[in-house]
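Participant:
Residue numbers (UniProt numbering): 1 to 98.
1) Which stretch, first to last residue, makes up the alpha helix (DSSP H) that contains residue 31?
2) Between the alpha carbons of residue 69 and residue 52, how many angstroms are there, rounded?
3) Would you kindly work out how many angstroms separate the C-alpha atoms of residue 55 and residue 42, rounded to a whole number?
4) Taking all protein chains shown into account, do 16 or more other C-beta atoms lie within 10 angstroms of the C-beta of residue 72, making it buried, or fewer, making it exposed?
5) Quick check: residue 26 and residue 46, are their CB atoms within less than 9 Å of each other?
What follows is the structure in structure tokens.
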């Protein structure tokens with residue numbers, strides 16, 4: 001019997017990805033709908049202005065697997081445009097490897 005346990009920690013070679021050009025009206029639930037398509041998300045943090053709590057239009061996302069992060073970058077980086085972004089800019093992503 002091969003039962004898989006739920007993921008509790010990301011893979012050792014996981015990638016934290018910076019994503020820019022996020023519409024400021026989107027919250028964590030909205031972004032999860034986009035990123036969950038590529039695999040389970042371990043952590044998602046929207047960068048916010050401290051005094052106002054307003055989104056700065058970017059976030060960090062960490063998937064449980066490196067493969068999910070690479071797939072998300074391949075599909076989204078400089079390709080996907082989200083509604084509400086100024087100048088119809090495409091999503092930008094950069095990897096931070098820890």
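We put the CB at the ideal spot given by N, CA and C, even for glycine.
Remember, predicted model here, so these are calculated numbers, not experimental data.
Facilitator: So, to answer that:
1) 28-35
2) Per the coordinates, the alpha-carbon of residue 69 lies some 30 Å from the alpha-carbon of residue 52.
3) 20 Å
4) buried
5) yes
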